[in-house]
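FYI, the working numbering numbers position 117 of the sequence shown as 508, with every residue one higher than the one before it. One structure is given here, and the rest of the page talks about it.
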Amino acid sequence: MKMCQKNIYFLLFLSVFSNAEMQEYQLNKSIVSTSKSSQELKDTPASISVITKEQLEAKPVNDIGQAVSLVPGVSIDMDRGQNGAYPISIRGMPAGYTLILIDGKRQDVSAGAFPNAYSDWIFSGFLPPVAMIERIEVIRGPMSTLYGSDAIGGVINIITKKNLQEWGSSFLVETTIEEQKYFGNIYSGNFYARNGMVSRICAL
Numbered sequence: 392m393k394m395c396q397k398n399i400y401f402l403l404f405l406s407v408f409s410n411a412e413m414q415e416y417q418l419n420k421s422i423v424s425t426s427k428s429s430q431e432l433k434d435t436p437a438s439i440s441v442i443t444k445e446q447l448e449a450k451p452v453n454d455i456g457q458a459v460s461l462v463p464g465v466s467i468d469m470d471r472g473q474n475g476a477y478p479i480s481i482r483g484m485p486a487g488y489t490l491i492l493i494d495g496k497r498q499d500v501s502a503g504a505f506p507n508a509y510s511d512w513i514f515s516g517f518l519p520p521v522a523m524i525e526r527i528e529v530i531r532g533p534m535s536t537l538y539g540s541d542a543i544g545g546v547i548n549i550i551t552k553k554n555l556q557e558w559g560s561s562f563l564v565e566t567t568i569e570e571q572k573y574f575g576n577i578y579s580g581n582f583y584a585r586n587g588m589v590s591r592i593c594a595l
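Okay, structure coming up:
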């Protein structure tokens, strides 16, 4: 009987210790989008979600548009344009009020996340493939005081991987077949590779 009680106490101790470790990990996430400097997630006043690289790898996500669509309050218009544009809206605001950043740098993508380097609108920015992403920070709510009027809906900050010393590559092919013959089918693909010094990206 005493041996049984000891085993129960030991299991309870492991359970409490495991929960404490999980809570500590969640509180120690650092984000940079809410103040343009690194701070703890628990100290930020804004409503923010962080999508980690582990979450991106664990789910069948092919591009950034699909990744942020998993965040509550974020809507993706799945009616993409002829070049694969995903208009992104946050908390019901028009897509034009969603600001997209890469490593804190503003991207002129007209609030659309593109799986390739071509768009239906004027495109002068670049959105990396999922293989290049360390994490995605999504702020739900107005951030115009920090980023300007195009951040009234919210901000999506894509943090890229900094340690690219290893070889790596990814290849994506996507096809959308329209049921009606009056609409054209969509064929797209992209290839990403890195050799430890220079990253190469090709999109079709």
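The beta carbon of each residue, even a glycine, is placed where N, CA and C say it ideally should be.
A check of alpha carbon separations from Val546 across Asp454, Lys553, Ile527 and Lys450 identifies Ile527 as the nearest.
In the DSSP secondary-structure assignment, Leu492 is bridged to Arg497 and Asn548. Residue pairing for Ile467: DSSP places it in a beta bridge opposite Ile479.
A distance below 7 Å between beta-carbons, with the five flanking residues on each side excluded, links Met484 to the following residues of its chain, in chain order: Ile543 and Gly544.
According to DSSP, residue pairing for Val521 in a beta bridge does not occur. Where Val441 is concerned, the enclosing beta strand (DSSP E) starts and stops at Ser438 to Thr443. Around the CB of Asn576, fewer than 16 other CB atoms lie within 10 Å, so the residue is classed as exposed. Residue burial annotation: Ser540 is exposed, with fewer than 16 other C-beta atoms found within 10 angstroms of its C-beta. Residue range Ser535 to Tyr538 is occupied by the alpha helix (DSSP H) that includes Leu537. Distance between Glu448 and Val521, taken at the CA atoms: about 9 Å.
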